[in-house]
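First up is the structure itself, then whatever we jot down about it.
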Amino acid sequence: MDWSGILTNAAGEIFAPTTAAYALAAVGLNVHFGLTGLMNMGQAGFLLIGAYGFAIATIAGWPLWAAVLVAIAAAVVFAVMLGIPTLKLRGDYLAIVTIAAAEIVRLVGRSTALTELTGASSGLRGNEYKDTFQALSPFPDTTLAIGPFEYSTNMSNSWWVRLVGWGVVALACLFVWLLLRSPWGRVLKGIREDEDAVRSLGKNVYSYKMQSLVLGGVFGALAGIIYVLPRAVQPDSMGRPMTFFIWTILLLGGAATVFGPVLGSIIFWVALMLIKSVLRAGVPESIMRTEQIEQFGWIVVGVTLMLLVIFRPQGILGDKKELAIDVR
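Note that this note's numbering has the sequence shown beginning at 17, numbered continuously upward.
Encoded structure:
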């Protein structure tokens with residue numbers, strides 16, 4: 017068994033674009049759930065909205081900054097449309113509504129009536145919308161090796177995508193750190209603990225929830241952009257499983273913490289890659305085929321989420337006194 021190659025592949029997931037995208041999506045979910053207590057089970061919908069907004073605007077000839085603003089604006093509109101009729105719901109009722117809303121976004125995206133706009137179930141090819149992002153890179157078009165890791169500087173799975181992706185994650189973590197220490201953030205945490213008590217103090221709980229939903233949705237839209245830069249925009253790749261992966265990452269790292277989503281994303285993808293790589297190298301094809309190994313890896317993810325909720329709901333970095341799962 018080639019342990020050097022296995023460990024190199026697993027270590028590469030630490031700073032992979034996908035890891036950064038999921039970390040940023042979990043930061044947004046952390047604003048929803050960790051700070052405000054909103055059971056949003058449709059975070060993947062915000063990623064898909066952001067990805068479509070960015071890709072469609074770029075294909076239409078808009079510059080990079082304008083395409084990013086379109087993605088953010090689309091997420092804000094979606095959050096407001098979702099929040100107006102639903103934010104008075106609590107717990108599992110809100111979870112049902114949000115997961116349904118995300119499914120609506122996915123089904124609309126794959127609708128054949130919108131083939132010219134969204135590409136339907138085939139999605140939008142990456143080479144149609146990546147040019148403006150790659151043109152912004154200050155690096156020459158070459159391949160760069162840093163230690164055992166070798167990637168192109170400007171192509172899809174590049175150092176440039178990694179640099180921008182993790183830069184955005186760092187800014188998002190800084191923003192959340194500032195929020196946690198602000199009066200606005202303290203109101204959100206008060207809503208999470210007892211919204212009736214916050215309402216009795218004269219605070220507009222509905223307004224604060226809406227602001228939280230919008231902010232977390234914007235982080236989700238930015239995560240969607242980072243997620244599709246190394247690949248295509250494919251609606252079925254951002255469905256219900258993605259939301260559950262984001263929840264696993266948040267609970268693994270620790271909700272209501274600054275770096276919990278980042279740590280959770282790194283551990284999640286490194287462990288998953290390590291499990292799959294070891295099984296591919298060590299288990300004969302006659303015992304477990306490649307597709308079965310893929311499925312087994314996700315089974316481990318499901319078991320991990322169950323064990324987290326049962327034995328350590330506050331996550332690795334979380335404080336049990338600060339937050340425990342409560343879906344009342």
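No residue lacks a Cβ here, since even glycine has one placed at the ideal position from N, Cα and C.
How long is the line joining the alpha carbons of THR264 and ASN143, rounded to whole angstroms?
-> 31 Å
For PHE191, which of PHE275, GLY318, MET97 has the nearest alpha-carbon?
-> PHE275
Inter-stretch contact at 8 Å, needing at least 3 Cβ pairs: the segment 212-228 / the segment 297-306 = no
Below 8 Å, can you find three or more Cβ-Cβ pairs linking the segment 249-262 to the segment 38-54?
-> yes
Return the chain-ordered ranges of every alpha helix (DSSP H) run that is complete within the segment 51-110 and spans a minimum of 4 residues.
-> 59-75, 80-102
According to the Cβ coordinates, are PHE70 and ALA87 closer than 7 Å?
-> yes
For TRP182, is the classification buried or exposed, using 16 other Cβ atoms within 10 angstroms of its Cβ as the cut-off for buried?
-> buried
Closest Cα partner of LEU321 within the set GLY163, GLU307, GLY334, ILE262 | ILE262
Would you mind stating whether THR159 and SER168 have Cβ atoms separated by less than 7 Å?
-> yes
Using 6 Å as the cut-off, classify the Cβ of GLU166 as near or not near the heavy atoms of the ligand FMN, replying yes or no.
-> Absence of the ligand FMN is noted for the structure shown, with no ligands found whatsoever.
What is the DSSP secondary structure of ALA161, reduced to helix, strand or coil?
-> strand
Cβ of LEU295 within 7 Å of Cβ of ILE309?
-> yes
Classify GLN330 as buried or exposed, calling it buried when 16 or more other Cβ atoms lie within 10 Å of its own Cβ.
-> buried
Terminal residues of the alpha helix (DSSP H) in which ARG215 lies = 199-216
If ALA91 and GLY66 are in contact, beta carbons under 8 Å, what's the gap, nearest whole angstrom?
-> 6 Å
Would you decide whether THR306 is buried or exposed? Buried here means 16 or more other CB atoms lie within 10 Å of its CB.
-> exposed
May I ask you to report which of helix, strand or coil DSSP gives LEU245?
-> coil
Per DSSP, TYR167 is paired with what?
-> LEU160
Please state whether DSSP places SER153 in a helix, a strand or coil.
-> coil
Going by DSSP, what residues sit across from LEU140 in a beta bridge?
-> VAL249
When you compare only the Cα positions, how much space is there between TRP19 and MET304?
-> 20 Å
Between TRP314 and PHE284, what straight-line distance do the alpha-carbon atoms span, to the nearest angstrom?
-> 11 Å
Expressed to the nearest angstrom, what Euclidean distance is found between the alpha-carbon atoms of GLY53 and TYR109?
-> 13 Å
Report all residues from its chain with a CB closer than 6 Å to the CB of CYS352; omit the five preceding and five following residues, and keep chain order.
-> A query on residue 352 cannot be resolved here, the shown segment of the chain reaching from 17 to 344 and no further.
When the Cα of VAL48 is compared with those of LEU231, ILE162, ILE75, which residue comes out closest?
-> Residue identity check: residue 48 is His in the sequence provided, not Val. Considering only alpha carbons, the answer is LEU231.
Report the option in PHE327, ALA151, PRO164 whose CA atom is closest to the CA atom of TRP81.
-> ALA151
Where DSSP assigns a beta bridge to SER174, which residues make up the other side?
-> SER168
By the 10 Å Cβ neighbour count, where 16 or more other Cβ atoms means buried, how is PRO33 classified, buried or exposed?
-> buried
Can ASN56 and THR114 be called in contact, C-beta distance under 7 Å?
-> yes
Could you have a look at THR273 and say whether DSSP puts it in helix, strand or coil?
-> coil
Got a sec, what are the start and stop residues for the alpha helix (DSSP H) TYR38 sits in?
-> 33-45
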